[in-house]
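Beneath this line is the structure, given in structure tokens, with notes to follow.
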Amino acid sequence: MAEQFVCKASEFKDGERQIIRIGEAEIGVFRHEGEFFAYSNYCLHQGGPACEGLTIARVEERLREDKTSMGLYFSEKDMNFVCPWHGYEYDMRTGEHVADRRVKLRKYDVVTKGDEVYVVA
Amino acid sequence: MDLISDRGRRVTVEELNTSKLLAHAAKQARDRKFEDVLIVDCDAHHYENENFGEILPYMENDVLRQLAMSSRAKQGRGNVMPSGFGYQDMGGRVTRYPLRSSEKTEGGRQRDAQLGERWMDAMGVDYSCLFPTGMLNVGLHPQKEMEFELCWAYARWVTEQALPDSNDRMYTMISLPFSDPEGSLRMVETFGDRKGVGGFMVTSVREKMAVQDNAYMKLYRALEERGLTLAFHSGPHWGSHTFQSCNRFISAHALGFSWFNILHCTNWVVNGMGERFPKLPVLWIEAGLAWIPFLMQRLDHEFMLRPSECPLLKKKPSDYMRDMFYSSQPMEIQDMEALETTFRMINAETQLLYASDYPHWDFDLPSTIWDLPFLTDKARHNILGGTAHKLFKLPPRNEGQKQNLIKYGSYVGA
């Protein structure tokens, strides 16, 4: 397994992303709430740059006890990243498509060594 | 560049460069050797409202031109074009919408031609049929005079300024002012022979449009005589009474595109237009494909019970529908067996034309056709470009493409 340097952790701000290449593979690395997540940058829909678009909190619809809708809300805890080509929306923590969990981007391990961030591929 | 995300949070994304955004599409094209495949995109778009400064002066009527141009002037208060409701950009998730104005082009050449070249080159597309975007709502304009003027002005601009700047890689099917049958006929007579005009297009988003009305027969005859294609380009219309119970854009969008083509295709078929104009190529655009098997089955079923209401028909409605053409996008690809059945039912090998709909949010790449596991090589080549080569007389761009067209039986000359 090869390790690819991403950047210094101190220079990788929360909410930002880096795109790196390891051979033919393109990998998006996110820093979210202090943690690092890395996924294939090829969208499972039509191959778009899945990690290069907007990050946005999951949209939820909240219901009352009687099943009436309270409307739409941004999630307090779940963050997604969105392929900019068509809007395929993936769970930041798992790489799963939020509408069909079977559709899942390849996930890569991220390790930190001191102040350095590496992706393992 | 920053985009607004949840709770006003700002997310930095790179400025738009179409070639860079579509770098993965370019890799697909290289991997599949699309260079040797003639690929024609029969439905692509630009944002003509960004060119109204050039388009509106082509309006013929002095008073309507002054009204339209004044409405766009600084502090103008008018709306020259009907606009629809909706969120095509998904709140900025499809980043090319909010970033569009940031893309840099070179001076001295039509910006839309340059942008078109970038995405065509990335996808491996050789030719694209250029359509407007906002003008797809022109059929909702309350003034048929203004509808004619806008269509006329756009036709002049696209044939005199945009297409000549495209290095012969863009063609068009000109939007007809369908509320004005006489005006539509005049459009065909005026623009039908111009370079880059492959046919004429009816914007299907119309509350009241009877394609079978006697007033249109001269128009259809004129198109048929010239060997031009008649296309119906669908769209959503959330403001329509039909869709006012829809509380989400997805509902109005998914139904609207299908609905307007279903509506007009039904009237076309039931009234025997295929018998009246058997040599007129008719193309149904941007409603996906799933509506076609539904309508075939529905009409065939009722036709067997009520043939007295369709006395012009000499075969089943589905047979007439198989004589017509369909654009592929947005191709419903969730159930591969259902899609394969659809391809069989519409004779996709000869009747289906690839469309990207780029740059709109639900565009399809050529690989969506190329990678289908159930297609023959002949079908792949025909759908991606061979059928369009025959319909629109677009020459292959290299010897490899020519040889493939010959190999798969669709070559009709340069």
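Chains as they are written, first to last, in our numbering: chain E, -2 to 118; chain R, 77 to 490. Even for Gly, the Cβ is constructed at its ideal location relative to N, Cα and C. Keep in mind it's a predicted model, so treat the numbers as computed, not measured.
Boundaries (first-last residue) of the alpha helix (DSSP H) holding residue i
i, result
"R/Ser327", "Phe325 to Val346"
"R/Phe128", "Phe128 to Ile131"
"R/Ser443", "Ser443 to Trp446"
"E/Glu113", "Segment Glu113 to Val117 is the beta strand (DSSP E) holding E/Glu113; no alpha helix (DSSP H) there."
"R/Asp82", "Note, R/Asp82: premise wrong, no alpha helix (DSSP H); not H, not E."
"R/His100", "Ala99 to Asp107"
"R/Asp453", "Asp453 to His457"
"R/Asp188", "Arg187 to Met199"
Coil, strand or helix - residue i by DSSP
i, result
"R/Met77", "coil"
"R/Met211", "helix"
"R/Ser310", "coil"
"E/Gly31", "coil"
"R/Trp367", "helix"
"R/Leu92", "coil"
"R/Leu226", "helix"
"R/Gln427", "helix"
"R/Thr318", "helix"
"E/Arg90", "coil"
"R/Phe267", "helix"
"E/Ala(-1)", "coil"
"R/Ile482", "helix"
"R/Gln237", "helix"
"E/Gln15", "strand"
"R/His217", "coil"
"E/Tyr36", "strand"
"E/Thr109", "strand"
"R/Lys466", "helix"
"R/Ser204", "strand"
"R/Arg382", "coil"
"E/Ala47", "coil"
"R/Glu124", "helix"
Whole-number beta carbon distance between residue j and residue i, since they are thought to touch under 8 Å
i, j, result
"R/Met263", "R/Phe254", "Not quite, the Cβ-Cβ distance comes to about 10 Å (not below 8 Å), so this is no contact."
"R/Tyr296", "R/Leu356", "6 Å"
"R/Trp335", "R/Gly160", "With 8 Å as the limit, R/Trp335 and R/Gly160 do not qualify as a contact, their Cβ atoms being about 14 Å apart."
"R/Asn458", "R/Thr426", "7 Å"
"R/Gln215", "R/Met145", "Sequence inspection shows Gly at residue 215 of chain R; the Gln mentioned does not correspond to that position. 22 Å between Cβ atoms; not a contact."
"R/Leu206", "R/Met157", "The pair is not a contact, with the Cβ atoms about 17 Å apart (cut-off 8 Å)."
"R/Leu388", "R/Gly348", "3 Å"
"R/Gly183", "R/Pro174", "Their Cβ separation, rounded to whole angstroms, is 24 Å, which puts R/Gly183 and R/Pro174 out of contact at 8 Å."
"R/Phe273", "E/Thr52", "Going by the sequence as given, residue 273 of chain R is Val instead of Phe. Actually they do not touch by this definition, with Cβ atoms about 45 Å apart."
"E/Glu93", "E/Tyr87", "7 Å"
"R/Leu371", "R/Ile338", "6 Å"
"R/Asp438", "E/His83", "6 Å"
"R/Tyr430", "R/Ile115", "7 Å"
"R/Ser35", "R/Ile361", "No statement about residue 35 of chain R is possible, as the shown extent of chain R runs from 77 to 490 and does not include it."
Contact with chain R by residue i, beta-carbon distance below 8 Å
i, result
"E/Thr52", "yes"
"E/Gly84", "yes"
"E/Phe33", "no"
"E/Val79", "yes"
"E/Phe27", "no"
"E/Phe9", "no"
"E/Phe2", "no"
is_contact[residue i, chain E] using C-beta, thresh 8 Å
i, result
"R/Met199", "no"
"R/Ser443", "yes"
"R/Met166", "yes"
"R/Leu339", "no"
"R/Trp437", "yes"
"R/His100", "yes"
"R/Leu226", "no"
"R/Thr209", "no"
"R/Asp241", "no"
"R/Val113", "no"
"R/Ser81", "yes"
"R/Gln190", "no"
"R/Leu97", "yes"
"R/Arg176", "no"
"R/Gln104", "yes"
"R/Arg187", "no"
"R/Lys169", "The sequence given here places Arg at residue 169 of chain R; Lys does not occur at that position. Answer yes: the Cβ-Cβ gap between R/Arg169 and chain E drops below 8 Å somewhere."
"R/Arg172", "yes"
Residue i, enclosing beta strand (DSSP E) - first and last residue
i, result
"E/Arg61", "Element bounds for E/Arg61: n/a, residue is neither H nor E."
"E/Val79", "Ser66 to Val79"
"R/Phe360", "It should be noted that the sequence gives Trp, not Phe, for residue 360 of chain R. From DSSP, the beta strand (DSSP E) with R/Trp360 extends over Val358 to Ile361."
"R/Tyr402", "Phe401 to Ser403"
"R/His121", "Val116 to His121"
"E/Arg99", "Asp97 to Lys101"
With 7 Å as the limit, tell me which residues of the stretch 36 to 48 of chain E have their beta carbon closer than that to any beta carbon of chain B; keep them in chain order. No chain B appears in this structure, whose protein chains are E and R.
Jot down the residue ranges of each uninterrupted beta strand (DSSP E) in the stretch 239 to 306 of chain R, minimum 3 residues, whole runs only, in chain order. 246 to 251 and 273 to 279
Quick check on the DSSP output: what are the complete alpha helix (DSSP H) runs of length 4 or more inside the stretch 134 to 172 of chain R, in order along the chain? 138 to 148
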